[in-house]
Amino acid sequence: MKPVRLLIAAILLAACSGFLWWLNKKQASATKSPVAATSTSTKILEVPQDQIQAVTIEKAGSAPIELKRNSGKWAITAPKTLAADQDAVSSVVSSLSSFSSGKLIDEKGLNPGEFGLMKPSLTVTVVKQDGKTLKLLFGDETPTSSGSYAELAGDPRVFVVARYNKSSFEKSVDDLRDKRLLTPDFEKLSRIELTAKKESIEFGRNKDQ
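Going by this note's numbering, the sequence shown opens with residue 2, and the numbers climb by one from there.
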């Protein structure tokens, strides 16, 4: 009887060992991701900043805002002529010079109306030094409202861009105009006089002091 019992015990031990090996392998496979998720960024628009000569921002329901560079400085030319806040406009131009998307939605762009791109809520037009024009179109928001659909005119691909990417172009004239009351060249000033009530204070320049 002993040899029979030993044989049965050996078979049971082998079966248990085999089962444990299979169970461990299954658990390892379950915890291992079959495909590593990668987050890639696709360039939609890429133009060197010094090659951007004009920008037009058209928001649905609002008058277009036109910005033009003249002798290295930006100015607002529409809907009315105003001095521009150089830092504010430079921020817009910087965003345009390298505009990327986190997700490609439709590679062939067979139905742009599905994404609100037939009647864009926002259009940003870039004019380069060579006269070429590029248009960035923004459509509807995504179902989660965390981003918007976008495309480059002439490119069939439809992308999803982050909400802050679109908001960087949703500017008003007040956002982009120069709000300073006085814009003198302080290097050329020779005298400043301050008058309040009955008291006056005068500052004069003596060479560089």
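Even for Gly, the Cβ is constructed at its ideal location relative to N, Cα and C.
Backbone CA spacing between residue i and residue j [nearest angstrom]
i, j, result
"Lys172", "Glu194", "37 Å"
"Ser99", "Val48", "7 Å"
"Ser146", "Glu67", "28 Å"
"Ile106", "Phe160", "5 Å"
"Val127", "Ala163", "20 Å"
"Val90", "Gly148", "23 Å"
"Ala197", "Leu182", "18 Å"
"Asn112", "Leu153", "15 Å"
"Leu135", "Ile202", "54 Å"
"Lys208", "Thr184", "22 Å"
"Arg192", "Gln210", "11 Å"
"Asp186", "Thr82", "21 Å"
"Asp175", "Ser72", "23 Å"
"Tyr165", "Gly110", "23 Å"
"Pro121", "Lys104", "19 Å"
For residue i, the first and last residue of its enclosing alpha helix (DSSP H)
i, result
"Val93", "Gln87 to Ser98"
"Asn71", "Looking at the DSSP string, Asn71 is not in any alpha helix (DSSP H); the run it does join, the beta strand (DSSP E), is Ile66 to Asn71."
C-beta atoms of residue i and residue j nearer than 8 Å
i, j, result
"Leu139", "Ile58", "For clarity, residue 139 is Phe in the given sequence; the question names Leu instead. No, these two residues do not count as a Cβ contact at 8 Å."
"Tyr150", "Asp156", "no"
"Ile45", "Arg178", "no"
"Asp88", "Lys180", "no"
"Val125", "Val94", "no"
"Gln54", "Lys69", "yes"
"Thr43", "Ser101", "yes"
"Pro65", "Ala84", "no"
"Lys129", "Gln50", "no"
Residue i - containing beta strand (DSSP E), residue span
i, result
"Gln54", "Ile53 to Lys60"
"Thr43", "Thr43 to Glu47"
"Thr78", "Lys74 to Ala79"
Supposed contact pair residue j and residue i - C-beta distance, whole angstroms, cut 8 Å
i, j, result
"Ala158", "Glu108", "It should be noted that the sequence gives Arg, not Ala, for residue 158. 6 Å between Cβ atoms; contact."
"Ser60", "Leu123", "It should be pointed out that residue 60 corresponds to Lys in this sequence rather than to Ser. Yes, they are in contact, since the Cβ atoms of Lys60 and Leu123 sit about 5 Å apart, within 8 Å."
Query - Continuous beta strand (DSSP E) assignments of at least 3 residues falling wholly in the segment 106-134 - result: 123-129
Query raised in the report: Which full runs of the alpha helix (DSSP H) of 4+ residues lie inside the segment 140-208, going along the chain?
Result: 164-168 and 174-177
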